[in-house]
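Student: Residue numbers (full-length UniProt numbering), protein chains in the order written: chain A, 1 to 359; chain B, 1 to 359. Each residue gets a CB set at the ideal place from its N, CA and C atoms; glycine is no exception.
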């Protein structure tokens with residue numbers, strides 16, 4: 001079991017990563033709780049709720065709320081439903097919410113915890129590769145039809161308990177989605193990590209040692225950044241590498257029609273191309289394109305309107321004064337933020353979408 | 001103009017109190033904003049929106065969102081509607097929300113600001129006496145049908161700009177509601193302040209010097225407590241003197257059928273009686289009852305079920321492990337929190353409601 005301590009402006013919490021560690025769940029809780037509500041989705045519920053229940057302290061009253069699997073559950077309706085459930089289950093300020101699932105559950109259950117009675121404790125129990133990213137750093141949110149994560153808080157968990165045995169049941173589409181964030185952590189941190197990921201075939205069983213190593217490294221990159229800039233005043237923006245276009249594609253296609261990671265994977269490809277054009281440098285565009293292709297990432301998209309995408313990029317939380325900001329790379333491991341004019345963006349995006357899928 | 005600096009865990013902000021100070025609104029903003037959204041209610045809108053617009057920086061783009069006056073606007077529907085308005089108005093992370101109105105608007109607009117893009121700046125421009133309390137301390141929230149303020153955050157404003165000229169148009173029912181919190185600040189802080197309020201007739205025009213003095217003293221009491229305990233881990237609970245029963249009465253009668261302050265006024269009367277019975281002491285119950293009566297506070301209520309009230313008191317955010325906690329007084333200026341057994345509470349409340357209105 002690997003443990004990493006993360007310091008925020010309001011608390012400190014540990015991220016535990018390892019195979020089979022769910023058995024020690026009770027030991028990883030930072031204090032005693034008398035009333036615990038597990039929030040999970042319909043798929044994870046079938047697989048893991050009983051285990052989690054079994055390993056929670058036996059003295060606690062435990063309830064379970066299940067929402068439909070998928071991004072559509074990050075809605076105002078599900079959020080309000082879960083708050084109502086928390087009231088019905090008599091949760092008070094000393095109670096605990098367990099977010100059992102992937103990024104959708106972490107974001108949704110975390111926002112419920114952040115706002116129920118102005119904030120109660122919650123722990124993240126991630127069950128996807130993608131959640132190595134979303135479970136760390138304290139961002140919680142729900143979506144608005146006009147944009148992803150537009151409604152939320154900065155609200156750190158009390159612990160992240162990441163049993164990597166749960167990843168064995170992940171379908172390939174979820175592995176792809178998660179590995180987009182893993183490789184992002186490589187792009188913005190260091191070449192060796194990036195190259196190790198680029199050499200990994202994620203379409204077959206990834207050796208547990210290698211998978212755990214990638215997840216720990218990804219978490220370390222993220223932890224290092226969020227400790228320095230919890231509220232995203234400056235360097236935390238680097239974590240949005242690939243996300244400006246990624247979010248726009250995701251919401252333009254409709255949540256659920258492309259996974260978060262697959263959309264971000266394309267967003268990163270675009271960010272690399274923009275970086276190369278802006279700084280007149282060479283980045284591993286081809287090696288990355290090849291890895292995406294070999295691992296069956298979707299690289300041809302339905303026809304998309306450049307103007308619609310740009311309008312959505314402007315609604316991104318990172319945009320300022322109606323100008324699009326993107327995270328670019330000066331080299332692997334050296335991210336920067338740049339404001340891009342509408343004219344440049346239109347040309348670059350038009351060109352990128354035109355050739356995408358035809359390479 | 002009187003200015004008080006308040007330090008929180010995340011920022012510092014000033015509370016400005018004075019007659020006619022809205023004219024200097026632009027000077028009181030802590031920084032420049034390019035996009036400003038005023039949130040107000042239908043009554044305040046008619047009276048003050050144009051003034052506020054006039055005194056905001058002329059370089060800013062300003063939009064106005066109006067919600068119906070009254071507690072019912074602290075709903076999930078209005079909250080979501082305002083978030084949608086913020087998106088439509090292109091507010092970004094550097095934009096400002098102005099909460100123009102009483103406690104309902106401050107709580108609602110504050111929660112919108114706290115959660116829009118994970119938190120943007122907001123300032124409070126209170127227009128009621130009650131809001132001298134609610135605008136300070138960073139509590140923002142909306143209601144759930146099962147309980148008041150069950151959904152919210154701790155999220156301090158960037159400034160509170162309290163132009164006491166706006167209080168001249170307040171109807172008596174709003175003066176009563178507001179003065180309940182003023183006298184609460186007297187009860188929990190010091191005898192001299194309490195006695196000064198007990199000598200004040202609030203059914204006629206209160207001399208501006210006296211009113212401003214009471215508001216500044218009330219704000220000072222609150223500021224002192226919230227600076228020491230922002231997140232309500234301990235002494236901030238004292239500010240809930242009268243609120244455990246007050247909130248229960250308010251929600252049992254239905255929001256809007258009794259004002260917040262009037263319900264709290266009765267809650268304080270009950271808390272005083274419980275204090276006297278618990279500690280075998282004498283408190284100014286009669287003087288307070290006389291002041292309530294002279295100032296036309298409602299002292300007879302429609303028939304209420306003791307069991308329903310207790311169930312609601314247990315849903316209060318201050319309750320722990322399904323036991324009711326109340327703030328009591330050991331003497332004026334010395335509040336304490338006590339856990340009350342269901343049996344004691346039933347007897348005390350039954351007795352209190354029985355004699356209420358018949359004194």
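Distance, Cα to Cα, residue 9 (chain B) vs residue 226 (chain B)?
Tutor: Near 10 Å, if we compare the C-alpha coordinates of residue 226 (chain B) and residue 9 (chain B).
Student: Measure from the alpha carbon of residue 237 (chain A) to the alpha carbon of each residue in B:173, B:93, B:67, then state which is nearest.
Tutor: Ranking the options by Cα distance to residue 237 (chain A), first place goes to B:93.
Student: Could you name the residues of chain A that residue 31 (chain B) contacts, counting a contact when the two beta carbons are closer than 8 Å?
Tutor: Here the premise fails: no neighbours, minimum Cβ distance about 14 Å.
Student: Under 8 Å Cβ-Cβ, which residues of chain A neighbour residue 101 (chain B)?
Tutor: Within chain A, no residue comes near residue 101 (chain B); the closest Cβ sits about 21 Å away, beyond 8 Å.
Student: Between which residues of its own chain and residue 23 (chain A) is the CB-CB distance below 7 Å, once the five residues before and five after are set aside?
Tutor: Counting only Cβ-Cβ distances below 7 Å, and skipping sequence neighbours, we find 55.
Student: Could you tell me which whole alpha helix (DSSP H) segments of length 4 or greater appear in the stretch 44 to 68 of chain B?
Tutor: The stretch 44 to 68 of chain B contains no whole alpha helix (DSSP H) run of 4 or more residues.
Student: Whole alpha helix (DSSP H) runs in the UniProt domain "3-dehydroquinate synthase N-terminal" (66 to 174) of chain B with 4 or more residues, listed along the chain?
Tutor: For the UniProt domain "3-dehydroquinate synthase N-terminal" (66 to 174) of chain B, whole alpha helix (DSSP H) runs of length 4 or above, ordered along the chain, are 76 to 88, 103 to 115, 131 to 134.
Student: Taking C-beta pairs closer than 8 Å, name the residues in chain A that residue 83 (chain B) reaches, listed in chain order.
Tutor: Per Cβ cutoff of 8 Å: 144, 150, 151.
Student: Would you please verify whether the beta carbon of residue 139 (chain A) is less than 8 Å from any beta carbon of chain B?
Tutor: Closer than 8 Å to some Cβ of chain B, the Cβ of residue 139 (chain A) qualifies, so yes.
Student: Smallest Cα separation from residue 324 (chain A): which of A:255, A:349, A:330, A:300?
Tutor: The shortest C-alpha separation from residue 324 (chain A) is found at A:349.
Student: Out of B:231, B:224, B:174, B:288, state which residue places its alpha-carbon closest to the alpha-carbon of residue 69 (chain B).
Tutor: The residue with the shortest Cα to Cα distance from residue 69 (chain B) is B:174.
Student: Which partner residues of residue 2 (chain A) appear in the DSSP bridge assignment?
Tutor: In the DSSP output, where bridge partners are listed per residue, residue 2 (chain A) has A:17.
Student: I want to verify the contact list: residues of chain B whose CB lies under 8 Å from the CB of residue 326 (chain A), in sequence order.
Tutor: None at all; the shortest Cβ gap to chain B is about 15 Å.
Student: Give the range of the beta strand (DSSP E) segment to which residue 37 (chain A) is assigned.
Tutor: First-last of the beta strand (DSSP E) with residue 37 (chain A): 35 to 41.
Student: Report the neighbours of residue 90 (chain A) on chain B: residues whose CB is nearer than 7 Å to its CB, in chain order.
Tutor: Within 7 Å Cβ-Cβ: 322.
Student: I need the DSSP call for residue 31 (chain A), collapsed to helix, strand or coil.
Tutor: Note: residue 31 (chain A) maps to coil in three-state DSSP.
Student: Report yes if the CB atom of residue 118 (chain B) is closer than 8 Å to the CB atom of residue 152 (chain A), and no otherwise.
Tutor: Yes; because the gap between Cβ atoms is below 8 Å, this pair is in contact.
Student: Check whether the Cβ atoms of residue 13 (chain A) and residue 157 (chain A) sit closer than 8 Å, and answer yes or no.
Tutor: Yes, Cβ-Cβ distance for residue 13 (chain A) and residue 157 (chain A) is below 8 Å.
Student: For residue 80 (chain A) and chain B, any beta-carbon pair shorter than 8 Å?
Tutor: Chain B, which has a Cβ nearer than 8 Å to the Cβ of residue 80 (chain A), makes this yes.
Student: Is residue 280 (chain A) buried or exposed, if buried means 16 or more other CB atoms sit within 10 Å of its CB?
Tutor: Exposed, by the Cβ-count rule.
Student: Taking the beta carbon of residue 232 (chain B) as the centre, do at least 16 other beta carbons fall within 10 Å, making it buried, or is it exposed?
Tutor: Buried: at least 16 other Cβ atoms inside 10 Å.
Student: Hey, quick one: how far does the alpha helix (DSSP H) through residue 269 (chain A) stretch, first residue to last?
Tutor: Unbroken alpha helix (DSSP H) run through residue 269 (chain A): 260 to 279.
Student: Quick check: what's the CA-CA separation for residue 126 (chain A) versus residue 161 (chain A)?
Tutor: C-alpha separation (whole angstroms): 7 Å.
Student: Quick check: residue 245 (chain B) and residue 87 (chain A), are their CB atoms within less than 8 Å of each other?
Tutor: Cβ distance not < 8 Å, so residue 245 (chain B) and residue 87 (chain A) don't count as in contact.
Student: In terms of alpha-carbon separation, which member of A:282, A:343, A:328, A:354 lies closest to residue 337 (chain A)?
Tutor: Considering only alpha carbons, the answer is A:328.
Student: Tell me, which residues are paired with residue 331 (chain A) by DSSP?
Tutor: The partner list for residue 331 (chain A) (beta bridge, DSSP) reads A:334.
Student: Cβ closer than 9 Å: which chain A residues qualify as neighbours of residue 154 (chain B)?
Tutor: 118, 119, listed in chain order.
Student: Just verifying my parser: in three-state terms, what is the DSSP assignment at residue 202 (chain B)?
Tutor: It is coil, neither helix nor strand.
Student: Output, in chain order, the set of chain B residues within a Cβ distance shorter than 8 Å of residue 147 (chain A).
Tutor: Simply 87.
Student: Between residue 30 (chain A) and residue 282 (chain B), what straight-line distance do the alpha-carbon atoms span, to the nearest angstrom?
Tutor: Roughly 44 Å separates the two Cα atoms.
Student: When we look at the beta-carbon of residue 109 (chain A) and count the other beta-carbons within 10 Å, is it buried (16 or more) or exposed?
Tutor: Buried, since its Cβ has 16 or more Cβ neighbours within 10 Å.
Student: If you check the beta carbons only, do residue 106 (chain A) and residue 134 (chain A) fall under 8 Å apart?
Tutor: Yes. Within cutoff.
Student: List the whole-angstrom C-beta distance separating residue 223 (chain B) from residue 6 (chain B), where the pair is believed to meet the contact cut-off of C-beta under 8 Å.
Tutor: Indeed, because the Cβ distance is near 5 Å, the residues count as touching under 8 Å.
Student: Given a cut-off of 8 Å, decide if residue 208 (chain A) and residue 164 (chain A) are closer than it, judged by their beta-carbon atoms.
Tutor: Cβ atoms of residue 164 (chain A) and residue 208 (chain A): closer than 8 Å.
Student: How would you list, in chain order, the residues of chain B whose beta-carbon sits under 8 Å from the beta-carbon of residue 310 (chain A)?
Tutor: By Cβ distance, chain B contributes nothing, its closest Cβ being about 14 Å from residue 310 (chain A), past 8 Å.
Student: Can you list the residues of chain B that residue 76 (chain A) reaches, using a CB-CB cut of under 9 Å?
Tutor: Here the neighbours are 76, 79, 80, 83.
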